[in-house]
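Using my numbering, you'd call the opening residue of the sequence shown number 100 and step up by one each time.
Below is one structure, written out as structure tokens, with a few remarks after it.
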Amino acid sequence: MMNTTADVLRAPRATTSGFDLGTESALGMIGASRVHWDHPRTALGVRVMADYAVASGYSREAVLVSTGLLPEELDRRDTLITASQEIAATRNLLALFKNRPGLGLEVGREFHLTTYGLFGFALLSSPRIVDMMRTALRLMGLTFAFPAFSAEITPDGRFSTRLSGQGVPEDVKRFLVERELAATLNMHNELFAGNSGVVPLLSVHSEFSATHSDPPFGVPVEFGARETAIVFEREYLTQELPQACPETAGECIAQCETILSERLNRRGTAAAVQARLRRLGGREDGIAAVARELHMTERTLRRKLTTEGVSYRQIVDEVRAVITKELLTVQKLTATEAAYRLGFSDLSSFLRAQSRWAETVPGFRRD
Numbered sequence: 100m101m102n103t104t105a106d107v108l109r110a111p112r113a114t115t116s117g118f119d120l121g122t123e124s125a126l127g128m129i130g131a132s133r134v135h136w137d138h139p140r141t142a143l144g145v146r147v148m149a150d151y152a153v154a155s156g157y158s159r160e161a162v163l164v165s166t167g168l169l170p171e172e173l174d175r176r177d178t179l180i181t182a183s184q185e186i187a188a189t190r191n192l193l194a195l196f197k198n199r200p201g202l203g204l205e206v207g208r209e210f211h212l213t214t215y216g217l218f219g220f221a222l223l224s225s226p227r228i229v230d231m232m233r234t235a236l237r238l239m240g241l242t243f244a245f246p247a248f249s250a251e252i253t254p255d256g257r258f259s260t261r262l263s264g265q266g267v268p269e270d271v272k273r274f275l276v277e278r279e280l281a282a283t284l285n286m287h288n289e290l291f292a293g294n295s296g297v298v299p300l301l302s303v304h305s306e307f308s309a310t311h312s313d314p315p316f317g318v319p320v321e322f323g324a325r326e327t328a329i330v331f332e333r334e335y336l337t338q339e340l341p342q343a344c345p346e347t348a349g350e351c352i353a354q355c356e357t358i359l360s361e362r363l364n365r366r367g368t369a370a371a372v373q374a375r376l377r378r379l380g381g382r383e384d385g386i387a388a389v390a391r392e393l394h395m396t397e398r399t400l401r402r403k404l405t406t407e408g409v410s411y412r413q414i415v416d417e418v419r420a421v422i423t424k425e426l427l428t429v430q431k432l433t434a435t436e437a438a439y440r441l442g443f444s445d446l447s448s449f450l451r452a453q454s455r456w457a458e459t460v461p462g463f464r465r466d
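Next comes the structure, spelled out in structure tokens:
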């Protein structure tokens, strides 16, 4: 059963207190991701795959066939796409490389903490590994991950992170699970500025068949295992991070929660409209244009949105309100610059819209 936004955001916040290795060992489970993979996400995951193809002599366009995405849209952090678009790009990439075993492990090493934006900074500034893990699991809906993640202390006293591809389409499952496996290992190294010697990695397990060459993880990789997992020494959980800053972590987590809540609140046709508006950076070109892109009449689009309990104008206001917060608080643009980016005709129209959003869009506050 898919979790709601409220379920996800009611999960306990990551904290530096209340963690005891002895107690956690008895409990076993540290945490698990709570968001199904079928959610809107940025296009940066597709960009990594497209750039990997380019480095091998292919074009971005070859990876984007039938995705509805343009090459230039991959370079915009505010481009929001659906999971099905990323799956389509994945199928294209696999076709280009003839379904090469281990391709996901290769591509996953191209994912960095900076690829994830605010989510990456939230992890980097966490006090300890256990705090980082709980934050990552809580906010997994802001990543490109398709497998479900869980973290636990195993019966033999090790710290294990497990990845499950259950429910992921079979033809892309190996690639997407192994991509996240390699990306996760890369992330742990980058938390310590690439000093892998600090990370007490014991073993890596893959449920899939062996690749033609051993992945450069520095430890044995068991292929054909019962499950896909990464195993560390238990004491790693209390390892302090070199760039820890609880205040920065708290600010990043708060902003991440706002973005996550906004992304998860819409499903179905409303989510498609929302994703398109995000892809356009909030520049609204009319419901008729949206209907054409979604291959339906304007009347049908309005009817579908009404059935889902939302109007086109409401979605436009919600998306623009969220982007406005990002432009003003994260990118530090002026109100005039933000108005221009969002397509408002003048500053006064933008200011009036903010006043309206403060009354109609949950969580929006005009500073």
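Glycine is no exception: its CB is placed at the ideal position from the N, C-alpha and C atoms.
Report all residues from its chain with a CB closer than 6 Å to the CB of residue i; omit the five preceding and five following residues, and keep chain order.
i: E277; result: G203 and L204
i: L126; result: Because L126 sits at a pLDDT of 48, beneath the cut-off of 50, its placement in the model cannot be relied upon, and the point is left open.
i: F245; result: W136, V267 and L275
Contact check, residue i vs residue j under 8 Å by CB: the rounded distance?
i: L280; j: L262; result: 6 Å
i: L359; j: L241; result: 6 Å
i: L432; j: R440; result: 7 Å
i: L143; j: T214; result: 6 Å
i: V162; j: N191; result: 5 Å
i: L168; j: V145; result: 7 Å
i: F258; j: F331; result: 4 Å
i: A434; j: L446; result: 6 Å
i: L340; j: M231; result: 7 Å
Just tell me which of the options has its CA closest to the CA of residue i.
i: R382; options: A250, E326, V421 and S249; result: V421
i: T327; options: A309, R333 and Q338; result: A309
i: E417; options: G380, V460, A438 and F443; result: V460
i: V271; options: L301, A187 and E350; result: A187
i: R333; options: I180, I228, R175 and S158; result: I228
i: R199; options: H304, F243, G156 and R273; result: R273
Please report the distance separating the alpha-carbon of residue i from that of residue j.
i: E407; j: V415; result: 15 Å
i: V389; j: T283; result: 37 Å
i: L336; j: M128; result: 13 Å
i: Q430; j: S312; result: 43 Å
i: E470; j: R378; result: The displayed coordinates of the chain run from 100 to 466. Any statement about residue 470 would go beyond what the structure contains.
i: T178; j: R375; result: 8 Å
i: F248; j: P314; result: 21 Å
i: R140; j: I180; result: 6 Å
i: L196; j: E346; result: A quick correction: the sequence has Phe, not Leu, at residue 196. Roughly 44 Å between the two C-alpha positions.
i: T320; j: Y411; result: Here the sequence assigns Val to residue 320, which means Thr is not the residue at that position. Cα-Cα distance, rounded: 50 Å.
i: L404; j: E425; result: 26 Å
Output needed for residue i: all residues of its chain with C-beta closer than 7 Å, excluding positions within five of it in sequence on either side, in chain order.
i: Q342; result: L223 and S224
i: E209; result: V147 and Y151
i: R391; result: none
How about residue i: is its C-beta nearer than 8 Å to some C-beta of chain C?
i: A281; result: Chain labels in this structure do not include chain C; a single protein chain is all it has.
Problem - Any alpha helix (DSSP H) of 4 or more consecutive residues that is wholly inside the segment 214-286 - result: 217-223 and 228-237
Problem - Residue ranges of each alpha helix (DSSP H) within the segment 367-442, 4 or longer - result: 367-378, 386-392, 397-406, 411-424 and 434-441
Problem - Entirely enclosed alpha helix (DSSP H) segments - the segment 283-368, minimum 4 residues - result: 345-363
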